[in-house]
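In structure tokens:
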């Protein structure tokens, strides 16, 4: 029986990977910092434990006997303290890779992000870049952590590393692209910058997991990085408009970027002394003003990756699933 170990097992992507692997008849173990997240994974049938990915002692029992590790645990926020990003995304990745190698794991799949290309990348950018951090800690540590992971790739010694760069992953449980926007829409505070012309390089979570499973076994995958999206960039106006429609919200308003940036700057000045936080951060505007599509040609050519769930189908199902949760 195949044994998959997952870091961040109770998160959005880790939990969906758990479901898919268990359905394949695999044994699944995992680690997560949150007891609530661990409980979600255990409820599915996984051997999940509370632990910190920067602590090798937490990882050893989770990786014992595993032949495959899916490393998803990371700080995923628009902004925050540098020490946190470096400890979790960089030091955590190094600890995970070393612990996996020492446990006899044969292949590690490192979950990175298309944000290694920054915000203003060229249209149809591929896996060779160009890369830029654009002074954003999330972008910076996603890029540095995948380089840390690839440095461990040594097929000749029986340890292989594959880097996966997903786009904007959506589905029930996606905090940045579903849960948080819906919460802001409910308060009638959701406004798109750049007149809604920015793009979302969306990928349905099941399309992403399809790509992960292909990379788990392909003999040419080690040492490589692969972009995984739905293969199309959709305008923010269309993406969030569709999300609003399937969840019963009204039209999504738009505004010039300079106006929203100024309003958020003013709001931060007022909120900070009071110890309050705004529902939207100024750093988040940059994620909604990207202009170009990401290429998935390499994953299609080398892995045989083909996104099977188009946006309209994925959103309709999401709307039905969310409605069922509230019945």
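In this note's numbering, the protein residues as written are 2 to 328. All C-beta atoms, glycine included, are put in the ideal place defined by N, C-alpha and C. Small disclaimer: the values here were computed from a predicted structure and weren't measured.
- Under the three-state reduction of DSSP, residue 226 is assigned to strand.
- Comparing C-alpha distances from residue 286 to each of 223, 196 and 298 shows the shortest one belongs to 196.
- Taking the CA atoms as reference points, residue 289 sits about 18 angstroms from residue 126.
- Taken in chain order, the complete alpha helix (DSSP H) segments of 4 or more residues contained in the segment 49-131 are 57-64, 83-86 and 93-103.
- In the displayed model, residue 242 falls within a helix according to three-state DSSP.
- Straight-line spacing of the CA atoms in residue 7 and residue 260 works out to 42 angstroms.
- Burial state of residue 72 is buried, judged by a 10 Å Cβ sphere holding 16 or more other Cβ atoms.
- From the listed residues 137, 146 and 39, the smallest Cα separation to residue 82 is found for 137.
- A residue is called buried once 16 or more other Cβ atoms fall within 10 Å of its Cβ, and residue 58, having fewer, is exposed.
- Residue 204 is bridged by DSSP to 170.
- In this structure the segment 113-133 does not touch the segment 90-105; the number of beta carbon pairs closer than 8 angstroms is below three.
- Rounded to the nearest whole angstrom, the C-alpha separation of residue 109 and residue 64 is 11 angstroms.
- The three-state reading of DSSP puts residue 295 in strand, counting E and B together.
- For the set 98, 9, 129 and 97, the Cα lying nearest the Cα of residue 225 is the one of 129.
- Residue 182 counts as buried, since at least 16 other C-beta atoms from the protein chains shown sit within 10 angstroms of its C-beta.
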